[in-house]
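Reading the sequence shown from the start, the letters are residues -10 to 178 in our numbering.
All residues carry an ideal CB built from backbone N, CA and C; glycine is no exception.
The model shown is predicted, which means the values in this text are computed figures rather than measured ones.
Some notes on the structure that comes next.
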Amino acid sequence: MKKYRINTTISSKHQAMLEEFKDEYGTQQRVLEYALESLKNNQPKSGFYPEEDLWIRIGREIKSTIIFLQKDLGKLLFETIDFEKFTKYVENERPSEFGLQWYYNKPLKECSLQEIVEYIVIKLKIQGGADIVNWTEDKDSYLINYTHSLGINCSKMIVIMDESVFKSYGAEFETSYSERSVFFKVYKD
């Protein structure tokens, strides 16, 4: 790999920080390269990735209401869900829409389509149960890929929850799902 020399000046505060991190990373070059990679990968200033940051914010908000379930118990609950009640709940309460507005601290209509896609991916990651959650972007659309081992009803629930956000926003999208996966193709304006 070709190397480039850079020359710059920094404050004494940042020089001390550079020295501190140099002990951890070995050289000034490695510290600067790591810092640039972190910026490139959109790592928040907090030092946490978006899903970690969201977990922290959620934990502060609802400390005493979080219920953790084993994966196999979650699958059992998914297998016995009443979809009519679940659909009515989503229509009335709009939990994904509320979460998105809470996360960005602004109304849904003020969010960009990319922010919505990024939030859906973060939400899917923190929900647990996923084998793979990722998204890609091309010229015309965003593609969200979620794979899991929780059965067809889990896929249906994810579709119901997340389609409600895209519908409320007015986005055009396609959904396909199976027992182990959910794909959303969301078209850009």
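Check, Outcome
"In terms of DSSP beta bridges, what is Ser1 paired with?", "The partner list for Ser1 (beta bridge, DSSP) is empty, contrary to what the question assumes."
"Helix, strand or coil for Arg120? Go by DSSP, reduced to three states.", "According to the sequence shown, residue 120 is Asp rather than Arg. Three-state DSSP puts Asp120 in a strand."
"Does the distance from the C-beta atom of Ile105 to that of Tyr158 stay below 8 Å?", "yes"
"Alpha helix (DSSP H) containing Thr16: first to last residue?", "Run containing Thr16: none; DSSP gives neither H nor E here."
"Taking the C-alpha atoms as reference points, what is the distance between Lys77 and Tyr23?", "47 Å"
"Helix, strand or coil, according to DSSP, for Leu132 in the structure here?", "strand"
"Tell me, which residues are paired with Ser170 by DSSP?", "Thr136"
"Could you spell out the range, first to last residue, of the alpha helix (DSSP H) harbouring Lys65?", "Residue 65 is actually Leu in this sequence, not Lys. First-last of the alpha helix (DSSP H) with Leu65: Lys60 to Glu68."
"Could you tell me the alpha carbon to alpha carbon distance between Phe72 and Gly140, rounded to whole angstroms?", "14 Å"
"Buried or exposed for Ser0, going by 16 or more other Cβ atoms inside 10 Å?", "exposed"
"Just reading off the alpha helix (DSSP H) that Leu89 is part of, what are its end residues?", "Pro84 to Tyr93"
"Using only alpha-carbon positions, find the residue among Ser170, Glu152, Glu161 and Lys(-9) that is nearest to Arg83.", "Glu152"
"To the nearest angstrom, how far is it from the Cα of Trp124 to the Cα of Leu132?", "5 Å"
"Identify the residues that DSSP records as bridge partners of Phe75: which are they?", "Phe75 is not bridged to any residue."
"One question on the structure: do Ile130 and Val175 come within less than 8 Å of each other, judged by their Cβ atoms?", "Before going on, a small fix: residue 130 reads as Ser here, not Ile. For Ser130 and Val175, yes; Cβs fall inside 8 Å."
"Give the DSSP-derived three-state secondary structure of Ser153 in the structure shown.", "helix"
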